[in-house]
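Protein chains in written order, with the numbering used here: chain F, 2 to 270; chain R, 2 to 270; chain W, 2 to 270. Just below is one structure, and these are the notes that go with it.
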Amino acid sequence: LENKLITLTTDFGLKDPYVGAMKGALLKVNPGAVITDITHLIGAGDLPGAAFVLLGACRYFPPDSIHLAVIDPGVGGVRAALIIETARYTFVGPDNGIFSLALQSEEILRIVRITNAEYFPGPISPTFHGRDIFAPVAGHLSLGVDAGRFGEQIDIDEMEKIALPEPSLENESITGEVIHIDNFGNLITNIPQSMLDGLNAFADRDRVIVRIKEREIKGIKDTYGESADEAALCAITGGTGLIEIALNMGSAADELRSKAGETVKVVSV
Amino acid sequence: LENKLITLTTDFGLKDPYVGAMKGALLKVNPGAVITDITHLIGAGDLPGAAFVLLGACRYFPPDSIHLAVIDPGVGGVRAALIIETARYTFVGPDNGIFSLALQSEEILRIVRITNAEYFPGPISPTFHGRDIFAPVAGHLSLGVDAGRFGEQIDIDEMEKIALPEPSLENESITGEVIHIDNFGNLITNIPQSMLDGLNAFADRDRVIVRIKEREIKGIKDTYGESADEAALCAITGGTGLIEIALNMGSAADELRSKAGETVKVVSV
Amino acid sequence: LENKLITLTTDFGLKDPYVGAMKGALLKVNPGAVITDITHLIGAGDLPGAAFVLLGACRYFPPDSIHLAVIDPGVGGVRAALIIETARYTFVGPDNGIFSLALQSEEILRIVRITNAEYFPGPISPTFHGRDIFAPVAGHLSLGVDAGRFGEQIDIDEMEKIALPEPSLENESITGEVIHIDNFGNLITNIPQSMLDGLNAFADRDRVIVRIKEREIKGIKDTYGESADEAALCAITGGTGLIEIALNMGSAADELRSKAGETVKVVSV
Chain F
2 LENKLITLTT
12 DFGLKDPYVG
22 AMKGALLKVN
32 PGAVITDITH
42 LIGAGDLPGA
52 AFVLLGACRY
62 FPPDSIHLAV
72 IDPGVGGVRA
82 ALIIETARYT
92 FVGPDNGIFS
102 LALQSEEILR
112 IVRITNAEYF
122 PGPISPTFHG
132 RDIFAPVAGH
142 LSLGVDAGRF
152 GEQIDIDEME
162 KIALPEPSLE
172 NESITGEVIH
182 IDNFGNLITN
192 IPQSMLDGLN
202 AFADRDRVIV
212 RIKEREIKGI
222 KDTYGESADE
232 AALCAITGGT
242 GLIEIALNMG
252 SAADELRSKA
262 GETVKVVSV
Chain R
2 LENKLITLTT
12 DFGLKDPYVG
22 AMKGALLKVN
32 PGAVITDITH
42 LIGAGDLPGA
52 AFVLLGACRY
62 FPPDSIHLAV
72 IDPGVGGVRA
82 ALIIETARYT
92 FVGPDNGIFS
102 LALQSEEILR
112 IVRITNAEYF
122 PGPISPTFHG
132 RDIFAPVAGH
142 LSLGVDAGRF
152 GEQIDIDEME
162 KIALPEPSLE
172 NESITGEVIH
182 IDNFGNLITN
192 IPQSMLDGLN
202 AFADRDRVIV
212 RIKEREIKGI
222 KDTYGESADE
232 AALCAITGGT
242 GLIEIALNMG
252 SAADELRSKA
262 GETVKVVSV
Chain W
2 LENKLITLTT
12 DFGLKDPYVG
22 AMKGALLKVN
32 PGAVITDITH
42 LIGAGDLPGA
52 AFVLLGACRY
62 FPPDSIHLAV
72 IDPGVGGVRA
82 ALIIETARYT
92 FVGPDNGIFS
102 LALQSEEILR
112 IVRITNAEYF
122 PGPISPTFHG
132 RDIFAPVAGH
142 LSLGVDAGRF
152 GEQIDIDEME
162 KIALPEPSLE
172 NESITGEVIH
182 IDNFGNLITN
192 IPQSMLDGLN
202 AFADRDRVIV
212 RIKEREIKGI
222 KDTYGESADE
232 AALCAITGGT
242 GLIEIALNMG
252 SAADELRSKA
262 GETVKVVSV
């Protein structure tokens, strides 16, 4: 079965020949592949950052899409190269946990360790597996080659996982942290809206208090525009279902001088 | 009638999952859509900046292209969501004036306020209409769904407009301003070459003087290379028909320490 | 013969309407063209930088691809516009040497100076040949129009060349320089691994010494991870076959405060 649609996520940046070379190598195998960039601006070797972006983007693509991601600190060291087949998608990339979060909402059918060099006949640069291994493998997958032909199946327990910091709940108080600062200066926390949904203390969203860096934000709103005071910080449920701290018409990150890792507390009054 | 070609203009930046999620949501509706990025680096919420970029890019695309743009400060507040059909194109985006300049050269046939949730069955994040409303709507339009099915037609007067500062003419002197600084450091003014064309005082282009920040530039040239002195500032007619101030092999913006909003005067000697 | 695949390399940046306008102009001629970005972040007018990126990316694309590149300092001055047909590809761009390095591994069949305005019927902005000449020409080439129809054939000696600094060999010591700093802070030199291959003095790669800025790096490794000390600088053979200086899990450029042009010596002990 042909799956023409391939998404691409890397930390290669946009000024070097690397992204172009990788796309070329993929198109050389399947000139009919349709490549869609998710991003190439993952921080160099930032595995949690990659996991977060893949979480926020992969699930919106059509069924049968191939998600190819290459964030590969150290490159060609000891880590394996994987194909992960789920009920909806095929994920391809290094075995270092970057797909951990995206896979939480997928049903894993099969995991294959890529070893069959027939599908990446080389030469192989030890420092550019994206171009020389992953791109041709994704190309062959998009032509309908069965994942089983690329190597041996492995167990889900053998696959690397990555853990983002988990929010904790104690005495009706949730403690989490900022995991990402987006293009708008919104502080995205690791606290899902769904964590509040089950708790009586947070039933009235207007009585929820979000604390960050000595500041108190009252209520969790639906949109940036709902806040009475335009210049005030607000807490909202973001597009990925996580609580975000935002500043209407401004940057909450600048206002709070906050970075990823900052502690965030959610309590009720 | 199927229109596969869709351009995309946003202020989402290139490092977050937002652009990928939006493209995925569009491709989920029409996997055969061909998406071409105009830019995702519009300043956050910069409506005039978006209007300028759309002016400079949209009209070069083939007839029947769909121009989807999401610069949406405040998101999901009171503003409507629009489909604007013109003789050549279909524009889709929030009703906040971003298409005002691009529409000046188009013949508007129909404007529809998007309300029919059949085409964006949700869930709808209040802060991410790009992914949850505009992308699927553009996907359905690209499949040939008639614009009239998305909601009620409105009058052109009901649509938001945006006005860039207009240049003024007094005593054979034109006063305008810098509206954009491009990648090369060229200062793009709001003064169209066509404004000079009709005036006798400016008939001899070599006798035109352009004044900015105490500096005088003599003549309006055709190319950067025409200037006698390589290191001198020059005034040229840029690719969008507007007068630009440039520095051959350098950045006029750096040389003049100039920003958008800077006053520019065009006089004759 | 139709060649749908077109790569695009420019110094236009990603925030202006220029890339979009150029893609639009190309798609207007051939709506079925498949455009793949190599990069738009070549430094403004940086011809050697463009030559390096094209070297690192073009050869990985499928045969019959069209490589369109517009880095054009001065624009529309005296330089010609060229189509260069090789055994594998078609290159299109200004005659200023940007393809020199990429052409080293191609067999040139024909070089045509573009003059036939039938294929770019205008209007032509003197400062935007990318949109008004090169894009429509590439569009017609992708539709299968023979290169000979765009103008007269010229000799290879009439084409501009660009020379990157060449490494020199004296007394079993190679002197080269840093030509590019990539997204990971790797310093890419102009010294090809193949230059060492032929020399007895460098037969044992562990006894090779790379000197840069008073620092000595021992051995040339295959991967970043091979080094004993994680925080130590290492020398490796990069993905384009050139010697690179890297810092595992860090930026060699930051560590060495090095820039393009820095002298690099390779000796043996």
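All residues carry an ideal CB built from backbone N, CA and C; glycine is no exception. Owing to the predicted nature of the structure, the values given are computational and were not obtained by experimental measurement.
Check                                                                                                                                                                             : Outcome
Cα separation between V138 (chain R) and G75 (chain F)?                                                                                                                           : 43 Å
With a threshold of 6 Å on Cβ separation, who are the neighbours of I125 (chain W) within its own chain once the five nearest residues in sequence on each side are excluded?     : D133
Rounded C-beta distance between R216 (chain R) and L234 (chain R)? I'm assuming under 8 Å.                                                                                        : 6 Å
Relative to the alpha-carbon of I237 (chain F), which residue among F:A51, F:G46, F:V268, F:K222 has its alpha-carbon at the smallest distance?                                   : F:K222
Could you please give the first and the last residue of the uninterrupted alpha helix (DSSP H) stretch that includes Q194 (chain F)?                                              : 194–198
Output needed for A45 (chain W): all residues of its chain with C-beta closer than 6 Å, excluding positions within five of it in sequence on either side, in chain order.         : D12
I need the DSSP call for K220 (chain R), collapsed to helix, strand or coil.                                                                                                      : A small correction: the amino acid at residue 220 (chain R) is Gly; Lys does not occupy that position in the sequence shown. Note: G220 (chain R) maps to coil in three-state DSSP.
Can at least three beta-carbon pairs, one atom from the segment 249–257 of chain R and one from the segment 5–25 of chain R, be found at a separation below 8 Å?                  : no
Find the nearest neighbour of F135 (chain R) within the set R:I43, R:I115, R:D147, judged by alpha-carbon distance.                                                               : R:I115
Excluding the five sequence neighbours on either side, which residues of its own chain have a C-beta within less than 8 Å of the C-beta of G131 (chain R), listed in chain order? : T11, F13, Y19, M23, V71, D73
Looking only at its own chain, which residues have a Cβ that is under 6 Å from the Cβ of A58 (chain F), when we skip the five neighbours before and after it?                     : I39
Counting only C-beta atoms, is A26 (chain F) closer than 8 Å to chain W at any point?                                                                                             : yes
Relative to the C-alpha of I36 (chain W), which candidate in F:R150, F:L42, F:H41, F:L28 has its C-alpha closest?                                                                 : F:L28
Rounded to whole angstroms, what's the CA-CA distance from K260 (chain W) to T264 (chain R)? Just pull it up for me.                                                              : 38 Å
Have a look at F:I67, F:A81, F:V146 and flag the residue whose alpha-carbon is nearest the alpha-carbon of E119 (chain F).                                                        : F:V146
Rounded to the nearest angstrom, what separates E161 (chain R) and D96 (chain R) at their Cα positions?                                                                           : 6 Å
Counting only C-beta atoms, is N184 (chain W) closer than 8 Å to chain F at any point?                                                                                            : yes
Just confirm the distance between the C-beta atoms of L142 (chain R) and I84 (chain R), as a whole number of angstroms; I'd bet it's less than 8 Å.                               : 7 Å
Who does F92 (chain W) pair with in a DSSP beta bridge?                                                                                                                           : W:H68, W:I85
Quick one, which of F:D255, F:I213, F:E167, F:V54 has its alpha-carbon nearest V267 (chain F)'s?                                                                                  : F:I213
Compute the Euclidean distance between the alpha carbons of R206 (chain W) and L69 (chain F), then round it to the nearest angstrom.                                              : 34 Å
Measuring CA to CA, which of F:G98, F:V79, F:Q105 is closest to T87 (chain F)?                                                                                                    : F:Q105
For my contact list, N4 (chain R) and I67 (chain R) are in at a C-beta cut-off of 8 Å; report their separation, rounded to the angstrom.                                          : 6 Å
Beta strand (DSSP E) containing L9 (chain R): first to last residue?                                                                                                              : 6–11
Taking buried to mean at least 16 other C-beta atoms within 10 Å of its own C-beta, is S169 (chain R) buried or exposed?                                                          : exposed
Here's the rule: buried if 16 or more other CB atoms are within 10 angstroms of the residue's CB, otherwise exposed. What is I157 (chain F)?                                      : exposed
Could you check whether the Cβ of A58 (chain F) sits closer than 8 Å to any Cβ belonging to chain R?                                                                              : yes
Would G98 (chain F) pass as an interface residue toward chain R - the criterion being a Cβ-Cβ separation below 8 Å?                                                               : no
Do you know offhand how far T32 (chain R)'s Cα is from G98 (chain W)'s?                                                                                                           : This sequence places Pro at residue 32 (chain R); Thr is not what is there. Distance between the alpha carbons of P32 (chain R) and G98 (chain W) is about 40 Å.
Using a Cβ-Cβ distance cut-off of 8 Å, determine whether L1 (chain F) contacts chain R.                                                                                           : The question about residue 1 (chain F) has no answer here: the residues shown for chain F are numbered 2 through 270.
Are any of the Cβ atoms in chain R nearer than 8 Å to that of K5 (chain W)?                                                                                                       : no
Taking Cβ-Cβ distances shorter than 9 Å, what residues in chain R pair up with N249 (chain F)?                                                                                    : P74, G75
Going along chain F in order, which residues have a C-beta closer than 9 Å to the C-beta of V54 (chain W)?                                                                        : K16, D17, P18, G21
Answer with buried or exposed for L200 (chain F), where buried requires no fewer than 16 other C-beta atoms within 10 angstroms of its C-beta.                                    : exposed
So with CB distances below 7 Å, who are the chain B contacts of G131 (chain R)?                                                                                                   : Here chain B cannot be found, since the structure's protein chains are F, R and W.
How many angstroms separate the CA atom of G140 (chain W) from the CA atom of I109 (chain W)?                                                                                     : 21 Å
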